[in-house]
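Q: To start, I am sharing the structure in question, which I have written as structure tokens.
Residue numbers (my numbering): 44 to 341.
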């Protein structure tokens, strides 16, 4: 490393050399860099002495780069441009930007929160603000910068970046599943149903699920009802009954064996999870970065 330092001129000297060759003038180079003409002339002389070659042909009112100098300066200009780009990128990363992401309560709690650490590691320069609500976000009012909206696209107020449908099937605790002897037993004689009561028609009731699955059975009244899906899942995990599982939302719970699927019948939802960006409000590159990550991860 020491020998390398001795063989390469200083960074300041190279900057002055490049400016002088570009302007073909010591005076203009000094003016651009905010230094004296004497300082520029001194650095160029030092570089010539260190390299052992003449870099400029001095004329009466101008200087001309020698072929050796022209080759060196071409390389320097390219290197300085690359350095400038890297510095600007580092500066942009250093500036913390805030992106407001909207999602339903269940999606935020069950899918997004377990993956936030991955998102933050990938984009450490972005501050993510999560807003959770089951009511549809008013994208035209600028409530959020992007959202995960469940529904059937297209949407008048949003650009759909990506869509993903879901599979729906009965789930319960491992302990409760054993009381059905065989998983298919539940499908033949359903009982201990937990219903998720929501105003959004995109969510299935038990009657709708059995009808779409083309299973002709009498569907009893649910023994438990909840207005939040996360509460319905907690009751199911504690063995209080059987709930409809949305695969994307409960995939982690299935891996952990907190919940198990009953039977092998699943229906595909008619609606989908849509990563959307507002049409009418200003979009920025940071929001698109997060939208791209959501689309890829979903």
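Just so you know, even glycine gets a beta-carbon here, dropped at the ideal spot from N, CA and C.
1. So, with DSSP's three-state summary, where would you put residue 328?
2. Quick one, which of 217, 278, 111 has its alpha-carbon nearest residue 95's?
3. Output the distance between the C-alpha atoms of residue 270 and residue 335, rounded to the nearest integer angstrom.
4. Who are the near neighbours of residue 57 in its chain, counting only those whose CB is closer than 7 Å to its CB and skipping five residues on each side?
5. Classify residue 295 as helix, strand or coil using the three-state DSSP reduction.
6. Mapping the DSSP letters down to three states, classify residue 45 as helix, strand or coil.
7. How should residue 188 be labelled, buried or exposed, when 16 other C-beta atoms within 10 angstroms of its C-beta is the threshold for buried?
8. Apart from the five residues just before and just after residue 200, which ones in its own chain have a Cβ nearer than 6 Å to its Cβ?
9. Just to confirm before moving on: does the CB-CB distance between residue 287 and residue 258 stay below 7 Å?
10. Under the rule that 16 or more other beta-carbon atoms within 10 Å means buried, what is residue 170, buried or exposed?
11. Could you check which residue in 61, 74, 142 has the C-alpha nearest to that of residue 328?
12. Are the CB atoms of residue 212 and residue 304 within a distance shorter than 7 Å?
13. With DSSP run on the structure shown, which of helix, strand or coil describes residue 272?
14. For residue 279, tell me which candidate among 260, 210, 291, 300 has the shortest Cα-Cα distance.
15. Can you list, in chain order, the residues of its chain whose CB lies under 7 Å from that of residue 217, leaving out five sequence neighbours each side?
16. Shortest alpha-carbon distance to residue 209 belongs to which of 268, 131, 115, 291?
A: In terms of the structure at hand:
1. Walking along the chain shown from the start, residue 328 turns up at place 285. Looking at residue 328 - three-state DSSP - the assignment turns out to be helix.
2. Within the chain shown, numbered from 1, the residue matching residue 95 stands at position 52. It is 111 whose Cα lies nearest to the Cα of residue 95.
3. Within the chain shown, the letter at position 227 stands for residue 270. Within the chain shown, the letter at position 292 stands for residue 335. Each residue's Cα considered, the two are about 31 Å apart.
4. Reading the chain shown from its first residue, position 14 is the one you call residue 57. Closer than 7 Å at the Cβ level, and outside the excluded window around residue 57, lie 119.
5. On the chain shown, residue 295 is found 252 positions in, with the first residue counted as 1. In the structure shown, residue 295 sits in a helix (DSSP, three-state: H, G or I).
6. Within the chain shown, residue 45 is the residue found at index 2, counting from 1. Because the pLDDT of residue 45 is 48, which lies under 50, any placement of that residue in the model is unreliable, and the question is left without a value.
7. Locating residue 188 in the chain shown gives position 145, counting from the first residue. Buried, since its Cβ has 16 or more Cβ neighbours within 10 Å.
8. Start at 1 with the first residue of the chain shown, and residue 200 comes out as number 157. Result list for residue 200: 182, 183, 322, in chain order.
9. The residue given as residue 287 occupies position 244 in the chain shown. The residue given as residue 258 occupies position 215 in the chain shown. Cβ atoms of residue 287 and residue 258: not closer than 7 Å.
10. For this step, residue 170 is matched to residue 127 along the chain shown. Residue 170 comes out exposed.
11. Position 285 of the chain shown, counted from the start, is the residue given in the question as residue 328. Closest by alpha carbon: 142.
12. If you number the chain shown from 1, residue 304 lands on position 261. If you number the chain shown from 1, residue 212 lands on position 169. Taking 7 Å as the Cβ cut-off, residue 304 and residue 212 qualify as a contacting pair.
13. Your numbering for residue 272 matches position 229 in the chain shown. DSSP places residue 272 in helix when its eight states are reduced to three.
14. What you label residue 279 is simply residue 236 of the chain shown in a count that begins at 1. Minimum Cα distance to residue 279 is reached at 300.
15. One-based indexing of the chain shown puts residue 217 at position 174. Taken in chain order, the residues that qualify are 300, 303.
16. As a working mapping, residue 209 is identified with position 166 in the chain shown. Considering only alpha carbons, the answer is 291.
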